[in-house]
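This report concerns only the one structure given below.
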Amino acid sequence: MSTRIPATLIAGDGIGPEIVDATLLVLDALQAPFDWDHQVAGLGGVKAAGDPLPAATLDSIRRTRLALKGPLETPSGGGYRSSNVRLREEFKLYANLRPALTIIPGGRFDNIDLVVVRENLEGLYIGHEAYIPIDDDPHAVAMATGINTRKGSRRLLEFAFEHAIATGRKKVTVVHKANIMKALTGIFLETAEQLHAEKYKGRIALDAVIIDACAMKLVLNPWQFDVLVTTNLFGDILSDLAAGLVGGLGMAPGANIGADAAIFEAVHGSAPDIAGQGKANPTALMLAAALMLDHCRLPELATRLRRAISDTLNLDNVRTGDLGGKASTSEYAKALVARISNG
Ligand code: NAD
11 MSTRIPATLI AGDGIGPEIV DATLLVLDAL QAPFDWDHQV AGLGGVKAAG
61 DPLPAATLDS IRRTRLALKG PLETPSGGGY RSSNVRLREE FKLYANLRPA
111 LTIIPGGRFD NIDLVVVREN LEGLYIGHEA YIPIDDDPHA VAMATGINTR
161 KGSRRLLEFA FEHAIATGRK KVTVVHKANI MKALTGIFLE TAEQLHAEKY
211 KGRIALDAVI IDACAMKLVL NPWQFDVLVT TNLFGDILSD LAAGLVGGLG
261 MAPGANIGAD AAIFEAVHGS APDIAGQGKA NPTALMLAAA LMLDHCRLPE
311 LATRLRRAIS DTLNLDNVRT GDLGGKASTS EYAKALVARI SNG
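11 is the number of the first residue of the sequence shown in the numbering used here; add one for each residue after it.
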């Protein structure tokens with residue numbers, strides 16, 4: 011019998027509980043050896059414990075160093091700071107790995123297989139923002155400070171190069187805007203070039219592209235890319251773009267990896283527009299669970315999960331509405347369980 015693995019589970023907000031239930035059903039069918047510690051965060055945390063990131067949730071992740079989490083709602087404009095961003099900071103989850111892989115062939119973009127590695131802790135997401143009032147307008151001027159450090163850039167770039175080599179990739183593309191933000195994103199480009207010359211020349215190719223050109227190239231010819239590595243804001247935007255290439259947000263998983271813990275989640279948010287209706291596609295969270303199985307050195311279970319997802323979508327043709335199907339979240343999960351049990 012395999013060793014049990016303690017892990018924190020956060021159902022999250024909006025569609026979170028529906029997609030987490032579906033994912034648990036499938037992980038149970040696989041007999042994945044996780045011992046879940048159920049905790050709350052986001053709006054669920056505010057409702058249950060008066061805090062979007064309760065101490066008990068942090069304590070749990072501190073203990074397990076491993077979490078699977080549904081999306082957490084963050085109010086726009088005012089309100090509390092994103093629990094996602096706080097979790098990344100608390101556990102120094104500096105690398106955000108977001109693979110985009112075609113699972114359903116025949117779409118507008120076929121055979122996509124690329125990875126976005128996003129810096130998760132620095133840049134313009136550090137929350138150093140302020141308004142300056144002028145006359146009677148309290149929001150007359152808005153300002154934000156971005157910070158990228160040599161150390162933070164190097165740590166993330168090292169992760170990207172090592173991940174690329176370990177997974178048999180051919181090329182790492184550093185995405186920047188060093189022509190305009192010469193210091194803020196220049197340091198990232200400069201560090202990438204230095205690190206490559208120092209440790210990775212001859213082991214993996216490196217090239218560089220400016221963010222705006224990269225967005226256009228990803229739409230015109232995404233197959234030219236392999237691993238894209240970039241700063242926080244650009245990575246956030248590009249990974250949604252990459253999700254769009256493989257069938258939308260319902261298909262895009264993410265892993266937040268750091269020195270102290272690893273947290274796995276879907277790229278998408280809490281989708282309040284479809285919450286509670288049984289319409290959500292749980293595939294992204296299930297693919298995140300597959301990344302979690304890889305992380306826990308259970309690649310056979312991860313492969314079985316990915317194969318069941320592909321077979322259910324392509325052979326059984328059971329799909330949720332966002333993929334043109336009619337299945338509810340739970341019908342899709344049951345079809346997956348049948349595939350796993352018979353496979
Ligand atoms: P969203 O990703 O929740 O939704 C965007 C669109 O995609 C919506 O039309 C939604 O219905 C659809 N969609 C998303 N996931 C889907 C799925 N699994 N199946 C089918 N359709 C799906 O983005 P949003 O509406 O901009 O954000 C809603 C909330 O989520 C906000 O509070 C935001 O801060 C939060 N958010 C959280 C995370 C996270 O927890 N990691 C990430 C992004 C956004």
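Glycine residues also receive a C-beta, built at the ideal position from the N, C-alpha and C atoms.
When you compare the CB positions of residue i and residue j, do they come within less than 8 Å of one another, or not?
i	j	result
L134	L78	no
R98	L76	no
V127	A152	no
G26	P81	yes
A265	A253	no
D38	P16	no
V229	D250	no
G286	S338	no
I197	R165	no
P292	A345	no
V50	T74	no
A202	L167	yes
I29	A290	yes
L315	L111	no
D304	A312	yes
G268	L63	no
T241	N158	yes
P232	I319	no
H48	L107	no
State the Cα-Cα distance for the pair residue i and residue j, rounded to the nearest angstrom.
i	j	result
K211	L259	35 Å
D326	A299	22 Å
V347	G54	28 Å
A140	G89	14 Å
V219	S340	42 Å
G353	M191	52 Å
L248	D61	31 Å
A281	R213	41 Å
T33	A150	46 Å
T195	V256	28 Å
E310	D222	39 Å
F169	E129	10 Å
E83	V36	25 Å
L124	D146	49 Å
S70	K227	42 Å
G137	T155	8 Å
A42	K187	42 Å
I284	D23	12 Å
T13	A225	44 Å
V185	L216	11 Å
Is residue i near the ligand NAD - that is, is its Cβ less than 7 Å away from at least one heavy atom of it?
i	result
T84	yes
I142	no
H278	yes
E139	no
L259	yes
K215	Per the sequence shown, the amino acid found at residue 215 is Ala instead of Lys. The answer is no for A215.
P4	Coverage of the chain is limited to positions 11 through 353, which leaves residue 4 absent and any answer about it impossible.
A294	yes
P109	no
I114	no
A281	yes
D45	no
D332	yes
P263	no
N266	no
N327	no
P27	no
I6	Here the chain has residues from 11 to 353 only, and residue 6 is not among them.
E275	yes
I319	no
I15	no
A290	yes
N352	no
N94	yes
I71	no
Under the criterion of a Cβ to heavy atom distance below 7 Å, does residue i qualify as lining the ligand SAM?
i	result
E341	With respect to the ligand SAM, the structure shown offers nothing to examine, as its ligands consist of the ligand NAD.
Query raised in the report: Looking at C-beta atoms only, is the number of pairs between the stretch 170-186 and the stretch 235-242 that lie closer than 8 Å three or more?
Result: Result yes; three or more Cβ-Cβ pairs closer than 8 Å.
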